[in-house]
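One structure below.
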Amino acid sequence: MSRLALILWATVTALFTVSLLIGPAEATIGQSLWALFAGDGGPMTVVMREIRLPRAVLAVLIGGSLGLAGAAMQGYLRNPLADPGLIGVSGSAALGAVVSIQTGLAAAFFFALPIMALSGALMGVLLVLLLAGPRGSSLALILAGIAISAFAGALTSLVLNLSPNPYAASEIVFWMMGSLADRSMLHVWISLPLIVLGAGLLATLARGLDALTLGEDAAEAMGINLTRLRLSVILGTAAVVGASTAVAGAIGFVGLVIPHLLRGFVQARPGALLWASTLGGAGMILASDILVRVVIPERDLKLGVVTALVGAPLFLHLIYRTRKSGL
Amino acid sequence: MTLLCLKDFSVRRGGKDVLRGINLSIDAGEVVGLIGPNGAGKTTLMRAALGLLPWDGFSSLAAMPARERGRNAAWMPQAREIAWPVCVETLIRLGRTPYVGAGRKLTDADHRAVDRAIGRMDLEDYRRRIATQLSGGEQARVLIARSLAQEAPLLMADEPTAGLDPAHQIATMQSFAALATEGKSVLVSLHDLGMAARHCTRLVILSKGGIAADGPAREVLTPDLIKAAFGISAHLEDTPKGLIFQPLEVL
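What follows is the structure, given as structure tokens:
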């Protein structure tokens with residue numbers, strides 16, 4: 001294993017452990033871990049297994065998803081500014097969720113919100129595929145994605161605009177900021193199959209994305225099936241990002257910043273960036289979710305706000321560095 | 001052995017016949033220069049022959065499964081794309097893509113092929129340099145090395161010498177000639193007719209969507225054919241130092 005892989009695995013493991021040990025319930029490290037593994041049936045076991053464990057697991061799943069999808073999208077479009085949200089999945093998933101909150105379905109039925117969000121993501125990706133065509137250029141895909149994102153955003157605003165109930169409106173706004181608070185193992189089981197499926201699809205793309213460094217023509221002449229590559233990128237991204245948005249809301253900047261941050265450490269190879277960004281994304285969400293709970297625990301700071309607050313300056317720094325080195 | 005065979009090959013783009021009735025066969029040990037004015041269809045011919053564009057008729061390469069075609073023909077497009085700041089060696093290794101399965105590492109044979117390609121293009125000192133930071137001509141040499149690393153029997157290169165200095169232009173054509181002596185073949189599109197006359201074993205003139213002439217340089221570069229295809233006059237002379245072709249003026 002390379003040094004980078006070792007460092008990333010160690011970071012993710014350490015952050016995962018810290019994430020398990022943080023919370024309002026007062027318990028020592030030993031008591032917490034004992035309650036988690038041995039399980040004495042007491043209140044601390046419930047806290048560890050039903051509250052903290054799903055939160056930490058979701059942080060890994062969602063962070064990994066966003067990092068992986070970001071790396072795949074940037075590799076496919078050969079553009080360091082690409083983001084998994086670019087194909088309109090997160091926007092349409094958010095629209096589905098917002099509709100479920102607005103109509104009261106989310107309050108009436110536990111599964112309504114994630115299911116509506118997933119349906120939204122599915123509709124979004126189908127529309128993008130329809131608009132961009134199965135074989136079209138990457139430019140057509142970007143344009144279709146922007147159109148669907150803008151349309152989903154407009155419909156979301158319309159729902160907010162027409163909301164007669166200020167509580168529903170504020171719930172929608174807070175939901176859209178993204179959070180991992182109060183998630184249960186059920187959320188893990190809802191998102192896990194899709195994330196595993198999508199990540200499996202994206203993980204097969206390393207060779208094709210590497211070859212795309214030479215352009216679409218050269219890659220295709222070397223035996224890369226571009227139609228399949230493109231379909232895998234779209235469906236894989238839709239599955240992981242749709243599932244992530246469905247359980248945690250819209251969390252920005254991870255898919256953009258993490259691949260950019262790690263590119264230098266994998267000698268800019270788009271294939272190697274896939275696994276590195278998966279681990280990096282998991283680390284970033286774990287760290288942000290720890291920050292959320294440590295900085296102002298009493299105010300329910302939203303995860304998406306923190307990732308954007310951390311991500312934006314990091315991104316500016318990267319732009320500055322990129323400009324200096326002339327890459 | 002025939003490395004490329006086109007029979008009654010035609011390409012339509014945007015409702016227009018770009019190429020029609022093309023019959024072309026390339027055997028082992030040839031350096032075939034594809035010449036013709038702008039828009040004659042040189043790039044289209046090569047891309048469609050590889051199956052990268054919709055075509056009609058028969059192409060031996062386009063008929064192959066994708067991976068097998070990658071082992072039988074290397075393609076160097078005219079657009080010199082290097083999307084990421086990878087090092088030169090990493091970029092040249094991409095030429096081994098048709099031989100490496102998903103998730104597999106390069107074998108010793110792959111590494112030797114990469115080393116040979118680096119040697120041929122005189123890039124030993126560039127191995128660790130970042131490809132995107134090189135000059136245009138240096139990038140062209142790196143991309144030629146990438147297609148050489150593919151070690152396919154047929155190399156198809158679209159204007160590989162454009163933007164190279166004279167020494168590297170000649171060196172590139174000589175490395176193609178060296179490939180031909182090893183029993184491989186090269187199909188190369190060129191605008192420099194002097195270079196084509198001197199270094200190619202055979203020239204194919206493409207004009208108005210068809211092959212206007214096909215044969216050794218002396219037979220193809222006649223005043224009439226040059227005038228018809230390019231609209232220029234030229235001086236062609238067989239000297240003790242080889243064939244000299246110099247375009248003179250527009251007719």
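Protein chains in written order, with the numbering used here: chain A, 1 to 327; chain B, 1 to 251. Ideal Cβ placement from N, Cα and C applies to all residues, glycine included.
Check, Outcome
"Contact list for I82 (chain B) against chain A, beta-carbon separation under 8 Å", "T213 and L214"
"Beta-carbon proximity check, R49 (chain A) vs S19 (chain A), cutoff 8 Å", "no"
"K16 (chain B) - partner residues in DSSP beta bridges", "B:R13"
"V188 (chain B): first and last residue of the uninterrupted beta strand (DSSP E) it sits in", "S185 to S189"
"Integer-rounded CB distance, given that V233 (chain A) should sit under 8 Å from L256 (chain A)", "Actually they are not in contact, since the Cβ atoms of L256 (chain A) and V233 (chain A) sit about 16 Å apart, beyond 8 Å."
"Interfacial residues, the region 46-76 of chain B to chain A, with Cβ spacing under 9 Å", "R47, L50, G51, L52, P65, A66, R67, E68, R69, G70, R71, A73, A74, W75 and M76"
"Closer than 9 Å at the beta carbon, the chain A residues around L221 (chain B)", "Ordered by position in chain A, no residue passes the 9 Å Cβ test against L221 (chain B), which lies about 30 Å from the chain."
"Test: D217 (chain A) CB closer than 8 Å to a CB of chain B", "yes"
"Bridge-paired residues (DSSP) for W75 (chain B)", "B:M156"
"Any 3 or more C-beta pairs closer than 8 Å across the region 33-51 of chain B and the region 196-207 of chain B", "yes"
"Sequence-distant residues of its chain with Cβ nearer than 6 Å to A40 (chain B) (five each side left out)", "L206 and S207"
"G264 (chain A) versus L243 (chain B): straight-line alpha-carbon distance, rounded", "50 Å"
"Chain-ordered chain A contacts of R146 (chain B) [CB-CB under 9 Å]", "L214 and A218"
"Nearest neighbour of V240 (chain A), chosen from A:H317, A:G85, A:G39 and A:L36 [CA to CA]", "A:G85"
"Reference A162 (chain B); option with closest CA among B:K184, B:F245 and B:L193", "B:L193"
"Where the region 268-280 of chain A meets chain B: residues whose CB sits under 8 Å from a CB there", "A268, R269 and P270"
"Cβ of D83 (chain A) within 8 Å of any chain C Cβ", "Within the model displayed, chain C is absent; protein chains A and B are what it includes."
"Nearest candidate by alpha-carbon position, reference D122 (chain B), set B:D110, B:G137, B:T132 and B:R69", "B:G137"
"Beta-carbon neighbours of T204 (chain A), restricted to chain B and to distances below 9 Å", "A102 and G103"
"Short CB-CB distance (under 8 Å) between P85 (chain B) and chain A", "yes"
"Alpha-carbon to alpha-carbon, F176 (chain B) and I222 (chain A)", "The sequence shown places Met at residue 222 (chain A), not Ile. Rounded to the nearest angstrom, the two C-alpha atoms are 20 Å apart."
"Best match in B:A79, B:R218 and B:C5 for proximity to T43 (chain B) [C-alpha to C-alpha]", "B:A79"
"Beta carbon of V254 (chain A) nearer than 8 Å to that of T307 (chain A)", "yes"
"Beta strand (DSSP E) segment containing Q246 (chain B), residue limits", "G242 to V250"
"Rounded separation between C200 (chain B) and P240 (chain B) - CA only", "17 Å"
"Cβ neighbour criterion (16 or more within 10 Å) applied to D238 (chain B)", "exposed"
"Buried versus exposed, by CB contacts within 10 Å (16 or more), H317 (chain A)", "exposed"
"Which of helix, strand or coil DSSP assigns to D56 (chain B)", "strand"
"Counterpart residues of S25 (chain B) in DSSP-defined beta bridges", "B:C5"
"Euclidean distance between Cα positions of A218 (chain A) and W75 (chain B)", "6 Å"
"Pairwise C-alpha distance: G104 (chain A) and L53 (chain B)", "52 Å"
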